[in-house]
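Input: a single structure, listed below in structure tokens.
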Amino acid sequence: MAQVDNQILSDLTVPLVYTPTQDNPASAGLRHNRTPKPHPQAQHMLVIQTQQGEERIYLEATTYSIGRHSANSIVLNAKTVSRQHALLLRISDTATGNYFFRIVDGNFQGKRSHNGLWINGKRCFSHDLKDQDSIQFGAEVQGTYHLSSTPTEPPRATDVTSSSPSAADAAADAGQPRFPSDTELRNLSDAALVRLSSFPELTPHPIIEVDLTGKITYLNPSAMSQFAEIDQDPHHPLLQDLLQLSQHNAQTHFVREVQVDSRIYEQFIHCLPASKLIRSYLIEITQRKRAEAVLRESEDRYAAAARGANDGLWDWNIKTNQIYYSPRWQAMIGHEQAPLNNKVEEWFSRIHPDDRGQVEHALSLHLAGGTPHFESEYRMQHQDGTYRWFRSRGLVVVDHQHEPYRIAGSQTDITEYRLARDQLLHDALHDGMTRLPNRLLLMDRLGQALKKSKRHPDQRCAVLFLDLDRFKLINDSLGHMIGDELLIEVSRRLQQCVRDEDTVARLGGDEFVILLESLANEAEAIETANRILKQIKRGFYLQGHEIFTSTSIGIALSQAHYEEHEDLLRDADTAMYQAKQSGKDRYEVFHPGMHSEALAALKLENDLRHAIERQEFQLYYQPIIALGTQQFIGFEALVRWHQPERGVVPPGEFVHLAEETGLIVPLGWWVLRTACEQLCRWHEQYSLEQPLTISVNISSRQFAQDDFVDRLQVLVESVGLIPGTLKLEITEGVIMEHADSVAEKLMAIKALGISLGIDDFGTGYSSLNYLNQFPVDMLKIDRSFVRKMGQNESLEIVKTIVNLAHNLRMGVVAEGVETEEQMARLLAMNCDYAQGYLFSKPLKSRNAQQLLAYLAQEDRAQPMIWPQALEILAQIKGLQS
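Numbering (the UniProt record's numbering), first residue to last: 1 to 881.
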């Protein structure tokens, strides 16, 4: 081999390859999906070290994918390795015909690995590999890249020995493929020449040689296996135009791309004029070309998206401070006709001063690696001077030293979204009708006020809990629209009574809460409450109606013991309830004793719930007298509660509570049935000249039941009641509350032979029109008017009621008659009936029965007048109670 053709050897353009060892099986942590053919020599090699062992991979293909997923070329079974962790790309040097390997973090779509790619201890995105480079894949897998003649030798490509570094050595040190020069070839030993001459036979890349006539003079094994029919096809793509290129090209080395079937090759062509030969060295680049096509498609898609997207796009080169704004981005701020320059100040100078700081902070945080992406919402000034809301998102790109050099993203106009969101937020925190803060916002502000009071004890806060008096009657009588307008007007007046820093809130219904802050003492809260009472008592003029109402106010001031703002609101509510109980149209300041009163009320409610089951209620019967004849005509049934622990509980203490809890309904039916049954028994036992009547009060809740008339009919028929002997008394409020449906219901009741009366007439919000519309038989004058008949105003009211009833052919009953003077006045007015302590207190059932027994004596020729009855009653021991 001493006479080896140096020209042939110098024309070799194949890189050196490693010779795989046969004693290093693949470890459990790594799998190589390409099985390399063993060669006696090797050049590019990747040594992978895992916890299970080491494997050497000889790099022969143009592209390798590395990762945990089984579809990768090199599979690394480690938890800290991403599914597609990195790419190895073979890069050709068209000037020299050599190649090297580049490793890139992530996959073909640009998605980077989770734990990154570390080269020689530094994280990077892309790196051109050099001999002995250390590669870290996650925390468990280590790799080393080698470029040498054998896996264990230093990275030298030849047997050249020299005491000083040569240009070839420098090339090897730089990590580039090593090619011998002509001088070195002449100095090579025979053994080295033999070794070099075997490279074409061993390289996995096809090598083709043709003479100047186009005849193939040489094919290496790789070329013969890949292009078996090439010597029979003079028009083969690899041979096409080859002679013309060599003749018309002044250079002896050039490169072109050639497609053979579905594969694409880089064809490195070397013309040898002295030998009259043309040699081609082929590297398959199919995968690379596909990757480039994907990249071009992605870029085209990006360009199309930028042109047609609704969002604006921006791309900022941090190194040069140049930024690209898409046409849509510029149009968003009114710069379609006057494009912006490519300075970032064009963007930031337009951001609202209140928002710029947070935008810059979010951007700096992302550039420093503190967030996965940049995102910020801000206001930016439009060309017309207004501000619009935008949301900007972006992602930073870093260089091989992990330093940011570019950030790109999009900008979305979210003005309508922000306005809608702000409106939703406002609606969530405000009452929809009055636009006042609702409970949620109130509780937040109350919590802040309590914290402030704890920090500054001299600055107290107070809660005023308001409930409109008689609002339900107004709402039901005049309609919900007027009721709503009244609430709106009340809210306006409340706001006029407080300072700007105070909060007026509506909890719902007719309940309002006022939070007063920075108070020096209790007197300031009371002063505000008095202003409110005065303002609310003024008349309201709504849709042609003059409406009068009032409010009850509970006041609770912050104290050191308040930990929860709910407690302060609860105490104000308790004080408001006390104001209601004390007569309405007033305020009450909370004191600790109210807690015990509230607990007592709660216990009373619980006892009331069990009272019906335990039969603790009794009926008392108060006689009703015909004033003109002084004759006894019947009773009014009145309920009394005999509580085992408290004794007799007055109706004033439990009837209102029964109304609130709904217990009035079962209690009302019990009273009605018991009274009717008792009346029937008396009619059976005693023979009286005229049948007795019995009057029973019906509550609003009981009357409002859909099946009230049906149940009443069943009751009347089941007890066998004499028609005309039962009188039901309802209040004005019941009629006005159910004005739409009450007429039909009252007519149905009348059809059952039941009389109807209006109880406490003149005390409610009445409309005289309904007296003509509804089948009412009797008006009952409230005891408050009878008691004050000594005053001219009340006397005239009583006269008016009596005359009104007679004009409408109705009877009149005066209740609460206690003196002879009162009776005389009523007689003078021609009042029909009366009841009260002047005649008799309510009687127990057995006492009423004794009275009826006397009246029914057979030897009495004339009906007994009431003065005679009084003498009889006085003789009956324990008759009255």
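We put the CB at the ideal spot given by N, CA and C, even for glycine.
Do residue j and residue i count as a contact pair if the criterion is CB distance below 7 Å?
i      : j      : result
Gln622 : Pro842 : yes
Asp384 : Gly334 : yes
Tyr627 : Ala824 : Note that residue 627 corresponds to Leu in the displayed sequence, not to Tyr. Contact: no.
Gln822 : Val776 : no
Ile694 : Leu672 : no
Leu816 : Asp832 : Checking the sequence shown, residue 816 turns out to be Gly, not Leu. Cβ distance not < 7 Å, so Gly816 and Asp832 don't count as in contact.
Ala529 : Leu464 : yes
Ala743 : Phe774 : yes
Val297 : Ile285 : Per the sequence shown, residue 297 should be read as Glu rather than Val. Result no, Cβ atoms of Glu297 and Ile285 do not sit closer than 7 Å.
Ala86  : Val141 : no
Gly753 : Met778 : no
Val734 : Glu677 : no
Arg391 : His382 : no
Leu450 : Arg506 : no
Ala598 : Tyr587 : no
So what does residue i bridge to, in DSSP terms?
i      : result
Cys676 : Paired residues: none, contrary to the question.
Gly67  : Val75
Phe268 : Val255 and Tyr281
Arg56  : Val47
Tyr218 : Glu209
Asn317 : Gln322 and Arg406
Arg388 : Met380
Met778 : Gly757 and Gly811
Rounded to whole angstroms, what is the Cα-Cα separation between residue i and residue j?
i      : j      : result
Phe137 : Thr80  : 8 Å
Asp469 : Leu425 : 32 Å
Arg102 : Gln49  : 20 Å
Thr731 : Phe761 : 7 Å
His352 : Ser326 : 21 Å
Leu838 : Asn792 : 22 Å
Lys844 : Arg640 : 10 Å
Leu667 : Asn807 : 36 Å
Asp467 : Asp510 : 6 Å
Val813 : Leu569 : 45 Å
Thr320 : Glu345 : 13 Å
Thr763 : Leu419 : 51 Å
Arg439 : His430 : 8 Å
Gln535 : Phe548 : 11 Å
Ala704 : Asn830 : 34 Å
Asp355 : Asp502 : 29 Å
Leu657 : Arg492 : 32 Å
Asp434 : Leu442 : Residue identity check: residue 434 is Thr in the sequence provided, not Asp. Answer to the nearest angstrom: the Cα atoms are 14 Å apart.
Ala71  : Arg328 : 41 Å
Ile278 : His236 : 15 Å
Ala525 : Ser376 : 45 Å
Ala293 : Gly370 : 34 Å
Gly447 : Pro457 : 15 Å
Ala250 : Val397 : 43 Å
Residues in the same chain with beta-carbon distance under 7 Å from residue i, minus the five sequence neighbours each way, listed in chain order, please.
i           : result
Leu494      : Val504, Phe512, Ile514 and Ile532
Leu363      : Phe374
Glu69       : Here the sequence assigns His to residue 69, which means Glu is not the residue at that position. Counting only Cβ-Cβ distances below 7 Å, and skipping sequence neighbours, we find Arg83 and Gln84.
Arg460      : Ser453, Leu519, Leu557 and Ser558
Gly590      : Residue identity check: residue 590 is Phe in the sequence provided, not Gly. Within the same chain, Phe590 has close Cβ partners Gly554, Ile555, Ala556, Asp571, Ala572, Thr574 and Ala575.
Pro204      : Glu60 and Ser222
residue 885 : Since the first residue shown for the chain is 1 and the last is 881, residue 885 is missing from the structure and cannot be characterised.
Asp211      : Thr217, Lys276 and Leu277
Leu365      : Thr371
I believe residue i touches residue j by the beta-carbon criterion, under 8 Å. Please report the beta-carbon distance rounded to the nearest angstrom.
i      : j      : result
Ile74  : Tyr64  : 6 Å
Trp347 : Ile323 : 7 Å
Thr661 : Pro691 : Their Cβ separation, rounded to whole angstroms, is 36 Å, which puts Thr661 and Pro691 out of contact at 8 Å.
Ser755 : Lys727 : 4 Å
Ile66  : Leu88  : 7 Å
Val714 : Lys745 : In fact, because the Cβ distance is near 16 Å, the residues do not count as touching under 8 Å.
Residues in its own chain within less than 6 Å of residue i by CB, not counting five upstream and five downstream?
i      : result
Ile269 : Phe254 and Ser280
Asn115 : Thr80 and Gly138
Beta carbon of residue i: closer than 6 Å to some heavy atom of the ligand MG?
i      : result
Ser491 : Among the components modelled here there is no ligand, and therefore nothing to report on the ligand MG.
Once the 5 residues before and after residue i are set aside, which same chain residues still bring their CB inside 8 Å of it?
i      : result
Ala174 : Per-residue confidence for Ala174 stands at a pLDDT of 38, beneath the threshold of 50, marking its modelled position as unreliable; no derived number is given.
Arg609 : Thr661 and Leu663
Would residue i count as contacting chain D if we go by Cβ distances under 7 Å?
i      : result
Gln322 : You won't find chain D in this structure, because it holds only one protein chain.
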